[in-house]
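Residue numbers (the UniProt record's numbering), protein chains in the order written: chain A, 1 to 481; chain B, 1 to 481.
Written out as structure tokens, the structure is:
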């Protein structure tokens, strides 16, 4: 068996134009952050589930026949951890799901939607909205990421505090297994206690246990009104206290609770001077972008939110606050939040960390992690923001003022990670809250994962993919590591 | 290795008084419905997780040494499918978690509680309530079932429409594996994307993959007010339409949506004539018990509920309706719902089915299943009620009028199941929505489960429990089946 022969077989299954290994394939061979450029045996784009199964079957047969081939499933290629791009061996088949992009069905009474894995997230949202319903998964890449990738990576986003991660939104899956069988697990059921929950095992497994080809997802009624506030607090302790108060007052109406330390906003002011802050950055140590969704009316939304702010001022949790008076003002608040990433890029290369700890531990964790980082890398600047409502922080690090960013990133990455992730571990946290592991964080998994859990993971991988055909370089560390 | 020698080792670990094989052990050897009476090698009650691990280790060693021993984990022994009682071989060790019953910690700001597996469900609820918080899992057996059993069986209950099943309420687990290691997976994290979700794999696995020894569960703010209504509808179509309208009006405030067909209520009237129906049973073909929880006030709860009823009358979905004017009246509504099971028992032995289909399919399913049943067993009486909000029906069957109930149950069970479960399968439903599989429904799993899924389940079982030590007669059908 040779790569050329396998390519022929692949072309036979999907058509020559959909199994390519020449021309510019960088859209599939390179991750979008351009951290790594791979080289694929072929980029294969099946038209349907049966073709996915056939592709897996011929690859499995080729592997059994001695070719060192493997498969890297790919969705929108918007991941952050090198989980869906090939290495440079020329022996990995990129299996792109993008051609399978249909909405298969909406069941309004069952509040569910069934979509192909390659359906773009925004299209799922819009299909739901067209029926007056809400698909609440929302994240920066929603215009190009696809639901299969969201599921494989268990994406988070901005509404997790109310609706949960992608995992919590999934009712059923269709999956092609590592030996090329089709598991028909699509389901609109809310309750089904007939054996091991393979759905949750596949979700978050980053294409290493099976290839998700379709999914049934939950829908919700649209809220009647959404209202936002921008709030200044004097410490992260106050932010956590405010979160508890907001949950007590607003219950499931609390649909967003983002926090940014003032340094993050100063960076936005520096690089995007046209962006106007709702409140002077000097007014607080940290800021909260709070979103409330009401099931009744605009008026009630505003009244409920103002009631919360009154109580928060009374409890001395706030130093200042502004309620958006229009959708446009609310959008501007979200824009500032989303621009932190761009401001960081403008400031120069930097280190990203996507961590979580129990929300109650956030103030103590941040203090300890900053101290540890200063000790390891004096002058390094923490840009800390994220989804406080879920205990999830993007605890990013810029080079010291005046230092060369590239040199800093190249030489200090491991030290920064060790300083921060050791603190995360000390607070029973996670070194990857919503981005996954991919190829990029495998060594962290080896270091921080409970060894008994790691042992079970390996056993499951071997049981479901004995040829190690599916995404073998992602997620699980090499056994020797 | 002999049973006697193993008993000695077990007594050495937990103390002689906590590893027994004499006296009356029926509380552990018999299920509470008294369907089967087993005989255990020993009933072992460890005091802590380390003892659980040690028990598993000596049992594994005994099995390796040739003794045909296995372990049946047991919580409150309130299950309905023979999932936690031993067979009559005298070679199964019942591992009771009941001595491990503490609340380990509550984290109010993180909205989480960590409890031992043997903690009684009601005690979890009360520990949360003492902090002004809600643990929403609620079911008939809550005074005696334990959280470890709820997790192993993924229990449902009456609030699933809002808060999900036990699975959705769990943040982390501590588990003893089949080789006697301890997986420290307790976690208060809302987000953690570092590998396969072993938590969800263990939940619902009925003690066949590991022994849950502790769990961290989600808590919620208490609602400000809870309000109930008893509603008459002219068909199940109307009930499903009402559900959609209620979800649209009440959003996450809809915390209960139970449906009962009139025959079920007539049985309650017949055997409990003292129970007063809120609405004459002749007023509808079916009745809905709707529960609404408001985050603001009693007054608003009532106004919102009345607003829904107005809209429902206008849409001609209701034939009559009554709103509970007090907690006592609301309790009486729930009492009627809970008394259906007792009325069925008073009527005589009968067949229980715990099925689910997509809510949108319920009317068509019920019609088809009743027809199929009449064809198979003319005169058999369907007593249909359940959690319509989750698509979950207890589609029970009584003997024909005048027929001998025991004879009916003994001779007709398989026929009734085939008629009903074939219909369930035709509507993409589940033959066990919330009760699990256990020993009782293994043959149904063999018949109705997707064969690819069943193959993956077997592979996982072999990978995580290669000795087949943990609950070997539950859940998975014998490979030959």
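Backbone N, C-alpha and C define an ideal beta-carbon position, used for all residues, glycine too. Since the model is a prediction, treat every value here as computed from it, not as a measurement.
query, result
"Proximity winner among B:297, B:265, B:294, B:301, relative to residue 287 (chain B) (alpha-carbon distances)", "B:265"
"Spatial distance of residue 130 (chain A) from residue 170 (chain A) (CA atoms)", "20 Å"
"Contacting residues, own chain, Cβ-Cβ under 6 Å from residue 293 (chain A) (five flanking each side not counted)", "223, 226, 253, 255"
"C-alpha gap between residue 83 (chain A) and residue 391 (chain B), whole angstroms", "37 Å"
"Interface residues of chain B facing residue 460 (chain A) [CB-CB closer than 9 Å]", "196, 198, 201, 459, 460, 463, 464"
"Length at least 3, wholly inside the region 105 to 139 of chain B: the beta strand (DSSP E) runs in chain order", "112 to 116"
"Residue 550 (chain A), buried or exposed, once every other Cβ within 10 Å from all chains shown has been counted against 16", "This structure cannot settle anything about residue 550 (chain A), because the visible part of chain A is limited to 1 through 481."
"Listed by chain order, chain A residues near residue 248 (chain B) by CB distance under 7 Å", "221"
"Close-in-space but distant-in-sequence residues of the same chain around residue 273 (chain B) (CB under 8 Å, 5 per side omitted)", "none"
"Pairwise C-alpha distance: residue 80 (chain B) and residue 289 (chain B)", "24 Å"
"Coarse secondary structure for residue 473 (chain B), derived from DSSP in three states", "coil"
"Below-7 Å beta-carbon distance, residue 434 (chain B) vs any chain A residue", "yes"
"When A:135, A:404, A:469, A:475 are compared against residue 69 (chain A), the one with the closest alpha-carbon", "A:469"
"Cβ neighbour criterion (16 or more within 10 Å) applied to residue 374 (chain B)", "exposed"
"Residue burial classification, residue 526 (chain A) (beta-carbon count within 10 angstroms, cutoff 16)", "Summary: the structure shown does not reach residue 526 (chain A), with chain A confined to residues 1 through 481, and so no result is reported for it."
"CB contact check: residue 190 (chain A) to chain B, cutoff 7 Å", "yes"
"For residue 118 (chain A), the nearest candidate out of A:174, A:160, A:284, A:245 (CA to CA)", "A:174"
"Rounded straight-line distance, which links the Cα of residue 165 (chain A) to that of residue 486 (chain B)", "Nothing in the structure corresponds to residue 486 (chain B), since chain B is present only between 1 and 481."
"Closer than 7 Å to chain A by CB, residue 225 (chain B)", "no"
"Partners in chain B for residue 238 (chain A), counting only beta-carbon separations shorter than 7 Å", "Simply none; closest approach about 12 Å."
"Supposed close pair residue 221 (chain B), residue 248 (chain A) - CB separation, criterion 8 Å", "5 Å"
"Chain-ordered chain A contacts of residue 18 (chain B) [CB-CB under 8 Å]", "Within 8 Å Cβ-Cβ: nothing; residue 18 (chain B) doesn't reach chain A, min ~25 Å."
"Through-space distance from residue 228 (chain A) to residue 237 (chain B), alpha-carbon basis", "39 Å"
"DSSP bridge partner residues for residue 485 (chain B) (one or two, in chain order)", "This structure cannot speak to residue 485 (chain B), because chain B is shown only from 1 to 481."
"Chain-ordered neighbours of residue 31 (chain B) on chain A, where CB pairs are closer than 8 Å", "Correct list: empty, because the minimum Cβ distance to chain A is about 17 Å."
"7 Å Cβ cutoff, residue 58 (chain B) in contact with chain A", "no"
"Per-residue burial, residue 379 (chain A) [other beta carbons within 10 Å of its own, 16 or more giving buried]", "exposed"
"Residue range of the unbroken beta strand (DSSP E) whose run includes residue 277 (chain B)", "From DSSP, residue 277 (chain B) is part of no beta strand (DSSP E); its letter is neither H nor E."
"Pairwise C-alpha distance: residue 393 (chain A) and residue 483 (chain A)", "Residue 483 (chain A) falls outside the range modelled here, since chain A spans only 1 to 481, and no answer is possible."
"Unbroken beta strand (DSSP E) run spanning residue 381 (chain A), endpoints", "381 to 387"
"Outcome for residue 250 (chain A) when other beta-carbon atoms lying within 10 angstroms are tallied against a minimum of 16", "buried"
"N- and C-terminal bounds of the alpha helix (DSSP H) containing residue 150 (chain B)", "147 to 153"
"Inter-stretch contact at 8 Å, needing at least 3 Cβ pairs: the region 40 to 55 of chain A / the region 17 to 30 of chain A", "yes"
"Test: residue 445 (chain A) CB closer than 7 Å to a CB of chain B", "yes"
"Nonlocal neighbours in the same chain, by C-beta distance under 7 Å from residue 349 (chain A), ignoring five residues either side", "405, 406, 409"
"Alpha carbon of residue 453 (chain B) to alpha carbon of residue 189 (chain A), nearest angstrom", "16 Å"
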